[in-house]
Structure formats: C-alpha cells, structure tokens
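To keep things clear, I will list the structure first and then write my remarks on it.
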Amino acid sequence: MLTDYHLHLRPDSIDADADSYFTPDNIDRYLDGAAAVGVTELGCAEHMYRFTESLEVWSHPSWEEWALDDIDQYCDVVGPSPIRLGLEADFVPGAEDRLEQLLSGRPFEFVVGSVHFIGDRSLDTEEYTIWDDRSDPDEVWRRYFETIAGAVRSGLFDILAHPDLVKVWGRANRLPSRDPRYYYEPAIEAIAESDIAVEVSTAGIRKDVAEIYPAPAFMEMCVEAGASFALSSDAHEPDQIGYEYPRALEFLARHGVDELAVFESRRRSSAPIGDAIKCQ
Ligand SMILES: [Zn+2]
Ligand SMILES: [Zn+2]
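With this note's numbering applied, the sequence shown covers 75 to 354.
Encoded structure:
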C-alpha cells in the first residue's frame with residue numbers, strides 16, 4: 075500500500091480560509107486525487123500555526139499573523155472523513171508542556187513534528203529568515219539538527235517531518251563546509267533511541283534544493299539506526315498527492331525499505347509497500 079501522511083487541505087496562503095477549504099467537498103477532491111495515483115492511506119496534517127490555539131504554545135509575530143482558525147472546527151470536519159486526522163506541529167524548545175496540552179484531548183490519529191525555526195528565525199521562508207549576512211551555515215546546521223534531536227526526544231510526535239529541511243534553499247552560501255553527516259549525528263542518535271517514524275518527503279523536489287527529504291546519507295544512517303519510515307508528499311492541493319512517488323519508491327527500495335508506517339489513534343504499525351503502483 076502507498077501512504078501520504080502529510081497533506082494540507084489548502085495552499086500556504088493567508089487568504090486560504092478554513093470555511094472554504096475545510097469542507098466535505100474539498101476532502102472529496104483530495105480523495106479523488108489520491109485514487110487517481112493509487113495512494114490508499116491519507117493523513118491530513120494542517121499547520122498548527124494557522125490555529126488561534128497555537129498562540130498558547132508560542133507567540134512569534136508570524137504566528138500572530140497566521141493564527142486565524144479554530145482547531146476544533148478542523149478536527150470536526152476531517153475527523154469523520156476517510157482522511158486520517160493529524161497535525162503538523164512545530165517543536166518549540168521549552169514549550170513542550172504547552173504543546174502537549176494542545177494535542178491531548180483532541181482526536182488526532184498522528185502528529186507530524188516539524189522544525190521550521192531556529193530561535194525566532196525561519197529556515198524556509200524569506201520573512202524572518204535566518205539566512206542573512208551574519209549567519210554561519212555550519213552553525214545553523216548544528217543548531218538545526220540539535221533541535222531535531224530535541225523534537226524526537228520530546229516524545230510529542232509520531233512522524234519527524236522533512237528531516238533535513240535546513241537544506242531547503244540548496245545554495246552554496248547556505249550549506250555547511252563540513253560533511254553533513256557530522257551534523258546529522260545527534261538527530262540520528264535520538265531517532266535510534268525513540269519510536270518516531272522518519273518522513274521520506276517528495277516536497278524537497280519542489281524546492282530550490284530539488285531533492286527528496288532526507289538526503290541519501292541521512293537515510294542510510296536512519297536505516298542503520300533501525301528507524302521506520304513514513305511516506306509523504308506534503309501536498310497543498312489535490313494534484314500534488316503522490317507527487318514524484320516513483321522517485322520516492324526507488325529511493326526507499328535502494329535503501330532496503332519495503333514497509334511504511336501507518337497510524338491509528340497515535341499507534342504505529344507497518345504495512346508492506348508491496349507492488350508499487352506506477353503513479354504519474
Ligand atoms: Zn513543514
Ligand atoms: Zn507541511
């Protein structure tokens with residue numbers, strides 16, 4: 075079976091409002107998009123920071139601008155649908171208890187953990203970017219993977235999203251001078267000691283870096299560490315479901331991975347990939 079456990083029901087636009095996109099009709103469009111490419115297991119992971127409740131966890135100015143919707147409205151629409159209800163939640167060091175509170179008591183089947191910020195500066199958006207004249211890529215990479223290790227060890231997440239997002243821009247002045255494996259090490263150690271599934275995401279192919287998350291070297295280290303893997307496209311519209319999956323399937327097979335993580339009520343099990351479909 076094929077999974078896509080990291081879908082967004084709307085584009086990354088502040089104008090994409092909940093009432094227009096969190097609807098049974100829009101969910102049907104996603105189900106049709108998945109059926110067209112043979113993806114049978116879907117999970118929706120809307121960004122936590124688009125809900126007003128996220129401001130109880132962290133109050134970054136970007137979140138204050140984007141936190142417009144009610145998380146329970148989202149849960150009420152997606153929960154009863156055939157798409158598994160999840161959340162893409164940012165790991166904010168020091169705010170673990172507050173995030174735990176936001177997650178508990180809500181019917182999530184899985185939670186995807188992301189690191190998009192180092193301190194209050196953004197890794198993957200131009201606004202609030204960490205990548206200015208003062209930044210040292212080696213230092214950014216070191217802090218990024220240490221934060222990833224913290225996210226993994228927090229036990230708050232079922233899936234580690236886009237594990238090497240720090241490479242997103244793919245430009246020489248934003249890449250470290252040392253072998254990246256040096257920076258991966260703390261994250262891999264945390265993965266080895268935890269139960270989290272590592273996301274293989276084709277979203278990186280759509281970004282400047284133009285490659286799958288994670289890089290092959292990170293993937294090799296995860297396999298050696300005995301990790302399990304979730305497969306996702308990070309789609310923001312129905313026709314991105316299963317985006318570039320033939321490449322992802324080849325990547326998984328090359329690393330000897332023949333099963334994928336699936337989730338129910340925040341419990342993970344494995345399903346064989348089996349005969350990979352030829353999507354797109
Ligand atoms: Zn993300
Ligand atoms: Zn996402």
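Note that the Cβ used here is the ideal one computed from N, Cα and C, for glycine as well.
Kindly indicate the opening and closing residues of the alpha helix (DSSP H) around Phe325.
Residues Tyr319 to Arg328.
Report the start-end ranges of each beta strand (DSSP E) in the region 231-293 that is 3 residues or longer and not cut off at the edges.
With a minimum length of 3 residues, the continuous beta strand (DSSP E) runs that stay inside the region 231-293 are 271-275.
Are the C-beta atoms of Glu183 and some chain D residue less than 8 Å apart?
Going by chain labels, chain D is absent from the structure shown, which holds only one protein chain.
How far does the alpha helix (DSSP H) with Arg216 in it extend, from its first residue to its last?
Pro211 to Arg227
Three CB pairs or more closer than 8 Å across the region 123-137 and the region 161-173
yes
For Ile192, which residues does DSSP report across the bridge?
Arg195
Any non-hydrogen atom of ligand 2 within 7 Å of Ala322 CB
no
Environment of Asp78 [buried if 16+ CB atoms lie within 10 Å]
buried
For Glu138, which residues from the same chain have a beta carbon less than 7 Å from its beta carbon, with the 5 sequence-adjacent residues on both sides left out?
Leu129
Spatially closest choice to Leu177 from Asp238, Ile347, Ala223 and Ser339, by CA coordinates:
Ser339
Is Ser359 near ligand 1 - that is, is its Cβ less than 7 Å away from at least one heavy atom of it?
As displayed, the chain neither begins before 75 nor continues past 354, which places residue 359 out of reach and without an answer.
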